[in-house]
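Visitor: Chains R and Z are the protein sequences, given in the same order.
Counting in the numbering used here, the first sequence runs from 3 upward without gaps.
Counting in the numbering used here, the second sequence runs from 24 upward without gaps.
Don't be surprised by glycine CBs; every beta carbon is placed ideally from N, CA and C.
Being a predicted model, the structure only gives us computed values, none of them experimental.
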Amino acid sequence: MTEGADRHTDATAEKPTPRGRFGRAWDSDFAWKFRHSPVAIVAALVMTVIVLAAIFAPLIAPYDPFDPGSLNLMNGFTPPGEPNAFTGDAFLMGTDDQGRDVFSTILHGLRISLFVGAAAVLFAMVLGVTLGLVAGYTGGWVDTIIMRIADIQLTFPSILVAMLIFGIAKGVTPVEYRDQMAIWVLIFAIGLSDWVQFARVVRGAAMVQAGREYVAAARLIGRSGPSIMLRHILPNVLSPVLVIATISLALAIIAEATLSFLGVGAPPTQPSLGTLIRVGQGFLFSGEWWILFFPAVTLLALALSVNLLGDWLRDALNPRLK
Amino acid sequence: MLAFILRRLFQSIIVLLIVGFVAFSMFTFVGDPIDNMLGQERTQADIARLREQLGLDQPFFVQYWNFLGNAIQGNFGISYRQGRPVSEILLERAPATLELAAVSAFFAMLLGISLGVFTAIRRNGMASNVIMTLSLIGVSLPTFLIGILLIYVFSVELNWLPSFGRGAVVDLGWWTTGFLTTSGLQALILPAITLGLYQMTLIMRLVRSEMLEVLRQEYIRFARARGLRERAVNFRHALKNTLVPVITVTGLQLGAIIAFAIITETVFQWPGVGLLFINAIQFVDIPVMAAYLMLISVMFVSINLIVDLLYFAIDPRLRVGKGRGH
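In C-alpha cells form, the structure reads like this:
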C-alpha cells in the first residue's frame with residue numbers, strides 16, 4: 003500500500019497533471035487492481051446495494067413490520083407476487099404467518115445483522131489493536147500474559163466462545179432487560195471472541211517497528227509510550243488490520259446469523275436475518291417456502307460478497323504478491 | 024523430547040485450571056445458588072444452614088479446590104432445569120454426539136484427501152476447477168444454511184431421508200448406538216454431511232496445496248525418471264509426504280467438529296450434547312453450561328497434546344534435530 007503510494011507520488015512529480023483528489027485515487031495501483039477484477043466489482047456492487055438497503059430500510063420498506071397496527075392477520079401466508087385470497091393485497095416476497103411483509107422484515111433484519119456485525123468487528127478491532135500494540139511495544143511479562151490469554155482463547159472455536167459469553171452475560175443481566183440488551187450482549191460476545199486475530203498481527207508488526215530507529219528517536223525526544231504507540235507505530239501496522247477487519251466482518255455476520263438461528267442471539271422482537279431464517283425453517287414442511295427462502299438468499303449474498311471482497315483485499319494489499 | 028512433553032503437559036494443566044476457574048466463577052457470579060434452590064418462604068437460618076451445607080461459607084479458593092475435586096470425579100452438580108445430575112444427562116447424550124462426530128470426521132477425511140489428490144494431479148482440468156470453485160462457495164456458506172438446504176432437497180422434495188432425530192437406537196447398556204438399525208443409519212447421513220462439509224473442504228484445499236508443493240520436488244522428478252508408474256509416484260511418494268500437516272490439521276479439526284456439532288444438532292434436532300448446551304444457554308442452566316465447558320476443554324486440550332506428540336512420532340526430522348515442536 004505504502005509502496006504504491008510512493009510510486010504514485012513519483013509519477014505525479016514527473017508529469018504534473020492538474021487532476022483532483024478523485025483523479026489521483028482513480029490512477030492509484032489499488033484502484034487499477036479493483037477496476038481489473040470483475041469479482042471484486044460485482045462483490046462491491048452487491049455489498050453497496052445491501053448496505054444502502056439496510057441504511058434506508060425505513061424509507062424503502064413498504065410496511066413497518068414492528069407496528070402491530072399495520073398488520074392484518076388475514077394477510078398471513080400470502081405467496082410472493084400473488085394477491086391475497088381474502089384481502090386482495092399483494093406482497094413482493096409474500097408474508098409470514100402473522101401477515102408481515104417478508105420484504106420489509108428482511109430490510110429491517112439486514113439493519114440488525116449489519117449493525118451487529120460491524121459493531122462487533124469494531125469492538126474486536128479496538129480491543130485487539132490496543133492489546134497487540136501494548137504487548138508488542140512493552141514486551142516482558144505484559145506481553146506474556148496477553149499472548150497466553152490469546153493462545154488459550156485460540157484453542158477454542160470462536161463461535162463456541164461467543165456462545166459461552168452470550169450465555170454468561172445473559173445470566174448476569176436481569177430477566178426484564180434480557181430482550182432489550184440481547185443485541186448489545188451479542189456485539190460484546192462476538193467482538194470478544196474475535197480480538198485475538200487483530201492482537202496477534204498487530205503485536206508482530208509492533209515488535210518489528212519498536213526496534214526501528216524512528217521509534218528510538220521518538221523516545222529520545224521524550225515522547226511517552228502511549229503517544230509513540232498511537233502516533234508512530236499504529237499508522238505503520240494499519241494495512242493488515244484493514245484486511246483482517248474485512249474478513250472478520252464476514253465471519254461476524256455469519257456468527258451473528260448462526261447464534262440468532264440457534265436461538266441465542268437477536269430476539270424475535272428485533273429479528274436479524276438469522277432469526278428470520280430460524281422462524282422460516284418452521285414453515286419448510288408446510289410449503290411456505292418464501293418465509294425461509296428470501297432471508298436465506300439475502301444472507302448468502304451478504305456473506306459471499308463480504309468474503310470475496312475480503313479475499314480480494316488481502317491479495318491486493320499483500321506486497322509479496324505484487 | 025521429555026522436556027518438551029513435560030512442558031506441554033504443564034501448559035495443558037494450566038489451561039484446564041483456568042477453564043475450571045471460569046466455570047467455577049459462573050456458579051459464583053451468575054445468580055445465587057441459594058436463590059435457585061430455596062423457594063420464596065425461607066428464613067435467614069435456612070439460608071445459613073444451606074450455605075454451610077454447600078460449603079459456600081468457606082474461603083473462595085477452598086471452594087474452587089472443592090469444585091475441581093468434584094469435577095474430576097465427574098460430579099458437576101444438578102441441572103437447574105431438569106433436576107437430575109448433570110453427569111447422568113451428559114453420559115446419556117454423549118453417544119449421539121460422538122457417533123455423529125466420528126462419521127463426519129471419517130467422511131471429511133476420506134473425501135477431503137481423495138478430492139485433494141485429484142485436484143492436485145489434474146490441476147488444470149475442468150472437474151478440478153469446478154470442485155475448487157464450489158469449495159470456495161462452500162466455505163463462505165453458514166453451516167446451518169447447508170443443513171436446511173439438505174433437508175429441503177432430501178427430506179421435503181425427494182422424501183428420501185429423515186430430517187430430524189436419530190432414528191431407532193439400540194441400547195448396549197451404557198452406550199446407545201444408531202449404527203445397527205436402518206433408520207438410525209439413514210438419520211445419520213444428512214447431519215454427518217452437514218457437519219463434515221466444512222472440514223472436508225479444509226482438508227481438500229490443504230492436501231491439494233501440499234501435493235502441488237511436493238510434486239515440484241526433485242525426488243518426484245527422479246522417481247518419474249526411474250520409470251515408476253504415475254500411480255506409484257503420486258501415492259507412494261507424493262501423498263505420503265503430504266500427510267504430516269494433514270494429520271495435524273485433521274486432529275485439530277476433530278475438536279472443532281465436536282464444537283460445531285452444536286449447530287448441526289440444532290438444525291436436525293439431534294439429541295446430543297450440543298443441543299443440550301444450546302438449551303442450557305437459552306434457559307441459563309449454569310451447571311450444564313459449566314460441565315459442557317469443562318468437558319469440551321478437556322477434549323480440546325488432550326487433542327492438541329496428542330497432535331503435538333504425533334508430530335514427533337511421524338516426522339523423524341523433529342526427533343533428530345532440536346527437540347522443539349514449535
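Give me the Cα-Cα distance between Ala-125 (chain Z) and Met-132 (chain Z), rounded to the nearest whole angstrom.
Guide: Going from the Cα of Ala-125 (chain Z) to the Cα of Met-132 (chain Z) covers about 11 Å.
Visitor: Kindly say whether Ile-309 (chain Z), judged by its beta-carbon, lies nearer than 8 Å to any beta-carbon of chain R.
Guide: Closer than 8 Å to some Cβ of chain R, the Cβ of Ile-309 (chain Z) qualifies, so yes.
Visitor: On a CA-only basis, which of Z:Gly-43, Z:Ala-282, Z:Gly-161 is nearest Ile-95 (chain Z)? Give me that one, please.
Guide: Here the closest residue by C-alpha is Z:Gly-43.
Visitor: Please state whether DSSP places Thr-157 (chain R) in a helix, a strand or coil.
Guide: Looking at Thr-157 (chain R) - three-state DSSP - the assignment turns out to be helix.
Visitor: Taking Ala-42 (chain R) as the query, report the chain Z residues whose CB atoms sit under 9 Å from its CB, ordered along the chain.
Guide: Residues of chain Z passing the Cβ test: none, with the nearest at roughly 14 Å.
Visitor: Please confirm whether Gln-305 (chain Z) has its beta-carbon closer than 8 Å to some beta-carbon of chain R.
Guide: Yes - at least one Cβ of chain R is within 8 Å of the one on Gln-305 (chain Z).
Visitor: Determine the contact status of Ser-320 (chain Z) and Leu-39 (chain Z), defining contact as a CB-CB distance below 8 Å.
Guide: Cβ distance < 8 Å, so Ser-320 (chain Z) and Leu-39 (chain Z) count as in contact.
Visitor: Checking contacts by CB at 8 Å: is Tyr-334 (chain Z) closer than that to chain R?
Guide: No, no contact with chain R.
Visitor: Could you give the distance in angstroms between the alpha-carbon of Ile-169 (chain Z) and the alpha-carbon of Gly-138 (chain R)?
Guide: Using only the alpha carbons, I get a separation of about 40 Å.
Visitor: In terms of residue numbering, what span does the alpha helix (DSSP H) encompassing Ala-68 (chain Z) cover?
Guide: Counting along the chain, the alpha helix (DSSP H) containing Ala-68 (chain Z) begins and ends at 67-76.
Visitor: If you count every other CB in all the chains shown that lies within 10 Å of the CB of Phe-84 (chain Z), and 16 or more means buried, which is it?
Guide: Per the 10 Å Cβ criterion, exposed.
Visitor: If we ignore side chains and look at the alpha-carbon of each, how far apart do Glu-180 (chain Z) and Phe-258 (chain Z) end up?
Guide: Cα to Cα, the separation comes out at about 40 Å.
Visitor: Do we get a CB-CB distance below 8 Å when we pair Ile-170 (chain R) with the residues of chain Z?
Guide: Yes, Ile-170 (chain R) lies at the interface with chain Z (some Cβ there is under 8 Å from its Cβ).
Visitor: So Ile-185 (chain R) and Val-118 (chain R) are in contact, right, with Cβ under 8 Å, and what is the actual spacing, rounded?
Guide: Right, the Cβ-Cβ distance comes to about 6 Å (below 8 Å), so this counts as a contact.
Visitor: Take Ile-114 (chain R) as the anchor and find which of R:Gly-141, R:Ile-52, R:Thr-146 has the nearest alpha-carbon.
Guide: For the residues R:Gly-141, R:Ile-52, R:Thr-146, the minimum Cα distance to Ile-114 (chain R) belongs to R:Ile-52.
Visitor: Assuming Val-308 (chain R) and Met-49 (chain R) are in contact, meaning their beta carbons sit under 8 Å apart, how far apart are those beta carbons, in whole angstroms?
Guide: That belief holds up - the Cβ atoms of Val-308 (chain R) and Met-49 (chain R) are roughly 6 Å apart, short of 8 Å.
Visitor: At a Cβ threshold of 8 Å, is Tyr-216 (chain R) touching chain Z?
Guide: So no, Tyr-216 (chain R) is outside the interface.
Visitor: Let me know the secondary structure DSSP gives Thr-204 (chain Z) once reduced to three states.
Guide: Thr-204 (chain Z) falls in the coil class under three-state DSSP.
Visitor: Does the beta-carbon of Thr-224 (chain Z) have 16 or more other beta-carbons within 10 angstroms, so that it is buried, or is it exposed?
Guide: Answer is buried; the Cβ neighbour count reaches 16.
Visitor: Any chance you could list the alpha helix (DSSP H) runs of at least 4 consecutive residues sitting entirely within the segment 195-273 of chain R, in chain order?
Guide: Here the runs fully enclosed are 197-212, 215-222, 240-264.
Visitor: In angstroms with no decimal places, state the Cα-to-Cα distance between Ala-121 (chain R) and His-110 (chain R).
Guide: Their backbone Cα atoms lie some 17 Å apart in a straight line.
Visitor: Looking at C-alpha atoms only, which residue of Z:Leu-121, Z:Arg-244, Z:Ala-314, Z:Ala-117 is the closest neighbour of Phe-50 (chain Z)?
Guide: Closest by alpha carbon: Z:Ala-314.
Visitor: Taking Asp-153 (chain R) as the reference, which of R:Gly-22, R:Arg-202, R:Pro-237, R:Glu-84 has the closest Cα?
Guide: The shortest Cα separation from Asp-153 (chain R) among R:Gly-22, R:Arg-202, R:Pro-237, R:Glu-84 belongs to R:Arg-202.
Visitor: Which chain R residues are close to Asn-327 (chain Z), counting only those with a beta carbon under 9 Å from its beta carbon?
Guide: Going along chain R in sequence order, the residues near Asn-327 (chain Z) (Cβ under 9 Å) are Thr-157.
Visitor: Between Trp-198 (chain Z) and the rest of its own chain, which residues show a CB-CB distance below 8 Å, the 5 nearest in sequence each way excluded?
Guide: Cβ within range, chain order: Pro-118.
Visitor: Can you give the beta carbon distance from Ser-186 (chain Z) to Phe-291 (chain Z), rounded, assuming they're within the 8 Å contact cut?
Guide: 7 Å between Cβ atoms; contact.
Visitor: Kindly indicate the opening and closing residues of the alpha helix (DSSP H) around Ala-63 (chain R).
Guide: Where Ala-63 (chain R) is concerned, there is no enclosing alpha helix (DSSP H), given that its DSSP letter is neither H nor E.
Visitor: Closer than 8 Å by C-beta to Leu-122 (chain Z): which residues in its own chain qualify, once you throw out the five before and the five after it? Chain order, please.
Guide: Residue identity check: residue 122 (chain Z) is Glu in the sequence provided, not Leu. Excluding sequence neighbours, Glu-122 (chain Z) sits near Thr-200, Gly-201, Phe-202, Leu-211.
Visitor: Assign Met-231 (chain R) to one of two classes, buried (16 or more other C-beta atoms within 10 Å of its C-beta) or exposed (fewer than that).
Guide: Answer is buried; the Cβ neighbour count reaches 16.
Visitor: Tell me the residue span of the alpha helix (DSSP H) that contains Asp-313 (chain R).
Guide: Note, Asp-313 (chain R): alpha helix (DSSP H), 292-319.
Visitor: Does any residue of chain R have a CB that is nearer than 8 Å to the CB of Leu-164 (chain Z)?
Guide: Cβ-Cβ to chain R under 8 Å: yes for Leu-164 (chain Z).
Visitor: May I ask you to list, following chain order, the residues of the segment 251-273 of chain R that have a beta carbon less than 8 Å from some beta carbon of chain Z?
Guide: Flagged, chain order: Ala-252, Ile-256, Ala-259, Thr-260, Phe-263, Leu-264, Gly-265, Val-266.
Visitor: To the nearest angstrom, how far is the alpha carbon of Ile-62 (chain R) from that of Trp-292 (chain R)?
Guide: Rounded to the nearest angstrom, the two C-alpha atoms are 20 Å apart.
Visitor: Regarding Tyr-179 (chain R) and the ligand GDP, is the C-beta to nearest heavy atom distance less than 7 Å?
Guide: No copy of the ligand GDP occurs in the structure displayed, which carries no ligand at all.
Visitor: Tell me whether the beta-carbon of Leu-286 (chain R) lies closer than 8 Å to the beta-carbon of Ile-174 (chain Z).
Guide: In this structure, Ile-174 (chain Z) lies closer than 8 Å to Leu-286 (chain R) by Cβ.
Visitor: Quick one: grab the DSSP three-state call for Thr-175 (chain R).
Guide: Thr-175 (chain R) falls in the coil class under three-state DSSP.
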